[in-house]
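Each remark here refers to the structure printed beneath this line.
Written as C-alpha cells, this is what we have:
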C-alpha cells in the first residue's frame, strides 16, 4: 500500500486551515470524484450512514444560502459546498435497508447476520440511543466532516467547516423540510485565495499537556 | 507540498475498517507522536478545542475499561486506546484562555482580536449554543475521531471507533468525575490481526445516489 509519511501528514494538517477567502478556481471533476468517494467511505456507527451529503454548486442556490450563513463569503466563492444532513429518526425499516445492503454487497445468507441485526436494533431502535437518534446521527455527520477535511488536506485541497448556518433555512432552501433528514453543518471546499491572510497565520493549539493525558 | 494521490487516498480509506481483532504489535513511539500531533491538529469550531484526549496504554486500566465497553477485546488488545472527553460547559474563562493562547502564539495585540472574542462569546457563551454546550463539544470530539481515523488510515495504521462504552463508568475509572470533561467516545489504535476475517469483507456503503444529492 502507498501511505503518506508521518512528516508529510503533519505538514498537510498544518497547511490546512479554515479558509476565509476562496479563489475562483474550481475543483476538477476527477478530484471531486475522489472527495465524494472519500465522503461515502466515512466511518459511522455500525456503518449505518445516517446521513445525506448535499453538494451545492448551483450559484443561485449558493446565493440563497449565504444570507442564512451569517453572510459568509465562502458559501458563494467555494467550488463545492457540502451540506451534511442527519436522519431525524432511526427505525427498523432503515436498519433493515442497511442489512439488505450488507447481504447484497457481501453475498451472504441473511440468517448469518440476524444476530448482528438484532444487536443494532437493540441499541439504536429499541435502546436508549433511539431517544437521541437525531443527535446521534448528527455526531456521525461530524465524523464525516472530520474525514472530509483531513482527506482534502492530504490531497492539497482546501476546506472551511461552517457551523454558523441556520439549519431550518437550509432545510427550506434545499427541500429537506418534509424529508427524513435535517441540516446540521456544512463544509466549503475549494482552493484558498492568495489574498487570504489567515493562510499564513500560525495555527493556534493548546499545549500538548493541556489536551493529552496519558494513562 | 507532498500530498497523497486520489487513488492512493481511496485505497487507504478502503483499507480502513473497524478492527475487531488487533495483533500484539505496539505502535512505535515515533508513529504515535505523529498520531498525537494529528489529534492535536484536529479542527474545531472557532478552534476552541473543547476536549481532552486520554491515551490509555496501562494494561490494568484497560482491564478495568473492558467490562464497561460491552466486553470488546479491542480495549485490551489495541496499542493505544484514545478516550475522547468533551467539556461539560462553556464559559467566558475558557474562551479567555483560548484568546490568551492566540495572543501568545501569534504575538498579536489582544485589542486586535477583541471583536473575534466577542463574536465567540456571543455564540457559545451568551448565545443559544451555550444551552447545548456539552453536546456541541461532543460534536467537536467527533470531528477529532474522524480526523484520527483518516490520519491513521493514510499512515497505514489501524483503528476501531467505539461508541459501545459506558461513559459514566469511564469517567470514574479515568478520574474525570469531578472534572470539566466527560467521556463521549473512544477509539482503539494499533495493527489488525491476520486472523481478523472482517479485514477482507467487502466494505458496505449505500449507493452514491442514496447518500449524495447534487444541487
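Protein chains in written order, with the numbering used here: chain A, 1 to 215; chain B, 1 to 215.
Quick reminder that beta carbons are idealized off the backbone N, C-alpha and C, glycines included.
Given a cut-off of 9 Å on the beta-carbon distance, is the pair residue i and residue j in contact?
i: residue 69 of chain A; j: residue 161 of chain B; result: no
i: residue 85 of chain A; j: residue 171 of chain A; result: yes
i: residue 122 of chain A; j: residue 204 of chain B; result: no
i: residue 217 of chain B; j: residue 159 of chain B; result: In the structure as shown, chain B starts at 1 and stops at 215, and residue 217 of chain B therefore has no counterpart that could be examined.
i: residue 16 of chain B; j: residue 139 of chain A; result: no
i: residue 19 of chain A; j: residue 196 of chain A; result: yes
i: residue 43 of chain A; j: residue 146 of chain B; result: yes
i: residue 10 of chain A; j: residue 29 of chain B; result: no
i: residue 3 of chain B; j: residue 81 of chain A; result: no
Distance, Cα to Cα, residue i vs residue j?
i: residue 168 of chain B; j: residue 63 of chain B; result: 16 Å
i: residue 116 of chain A; j: residue 199 of chain B; result: 17 Å
i: residue 12 of chain A; j: residue 134 of chain B; result: 30 Å
i: residue 176 of chain A; j: residue 59 of chain B; result: 48 Å
i: residue 14 of chain A; j: residue 166 of chain A; result: 29 Å
i: residue 151 of chain A; j: residue 128 of chain B; result: 31 Å
i: residue 155 of chain A; j: residue 181 of chain B; result: 34 Å
i: residue 173 of chain A; j: residue 55 of chain A; result: 13 Å
i: residue 87 of chain A; j: residue 36 of chain A; result: 19 Å
i: residue 144 of chain B; j: residue 107 of chain A; result: 34 Å
i: residue 32 of chain B; j: residue 141 of chain B; result: 19 Å
i: residue 215 of chain B; j: residue 179 of chain B; result: 45 Å
i: residue 211 of chain A; j: residue 130 of chain A; result: 31 Å
i: residue 149 of chain B; j: residue 49 of chain B; result: 18 Å
i: residue 61 of chain B; j: residue 213 of chain A; result: 14 Å
i: residue 298 of chain A; j: residue 207 of chain B; result: Here chain A has residues from 1 to 215 only, and residue 298 of chain A is not among them.
i: residue 25 of chain A; j: residue 113 of chain A; result: 47 Å
i: residue 244 of chain A; j: residue 109 of chain B; result: The structure shown does not extend to residue 244 of chain A, since chain A is modelled only from 1 through 215, so no value can be given for it.
i: residue 132 of chain B; j: residue 75 of chain B; result: 30 Å
In or out: residue i buried (at least 16 other Cβ within 10 Å) or exposed?
i: residue 104 of chain B; result: exposed
i: residue 126 of chain B; result: exposed
i: residue 52 of chain B; result: buried
i: residue 40 of chain A; result: buried
i: residue 194 of chain A; result: exposed
i: residue 77 of chain A; result: buried
i: residue 100 of chain A; result: exposed
i: residue 96 of chain B; result: exposed
i: residue 120 of chain A; result: buried
i: residue 201 of chain B; result: exposed
Just to confirm the assignment, what range does the beta strand (DSSP E) spanning residue i have?
i: residue 109 of chain B; result: Note, residue 109 of chain B: premise wrong, no beta strand (DSSP E); not H, not E.
i: residue 183 of chain A; result: 181-190
i: residue 80 of chain B; result: 80-87
i: residue 159 of chain A; result: 158-162
Mind checking which residues open and close the alpha helix (DSSP H) that includes residue i?
i: residue 214 of chain B; result: Premise fails: residue 214 of chain B lies in the beta strand (DSSP E), 212-214, not in any alpha helix (DSSP H).
i: residue 60 of chain B; result: 59-65
i: residue 15 of chain B; result: 6-15
i: residue 40 of chain B; result: 29-40
i: residue 52 of chain A; result: Careful: residue 52 of chain A lies outside any alpha helix (DSSP H), inside the beta strand (DSSP E) at 51-56.
i: residue 154 of chain A; result: 133-155
i: residue 231 of chain B; result: Chain B is shown from 1 up to 215; residue 231 of chain B falls before or after that span and cannot be answered.
i: residue 46 of chain A; result: Segment: none, residue 46 of chain A is in no alpha helix (DSSP H) and carries neither H nor E.
i: residue 76 of chain A; result: 74-77
i: residue 118 of chain B; result: 114-120
Thinking C-alpha only, which one of the options is nearest residue i?
i: residue 66 of chain A; options: A/2, A/194, A/186; result: A/186
i: residue 27 of chain B; options: B/131, B/43, B/192, B/1; result: B/192
i: residue 137 of chain A; options: A/90, A/149, A/173; result: A/90
i: residue 23 of chain B; options: B/73, B/35, B/94, B/6; result: B/73
i: residue 189 of chain A; options: A/2, A/21, A/109, A/120; result: A/21
i: residue 124 of chain B; options: A/164, A/25, A/43; result: A/164
i: residue 118 of chain B; options: B/108, B/142, B/92, B/109; result: B/92
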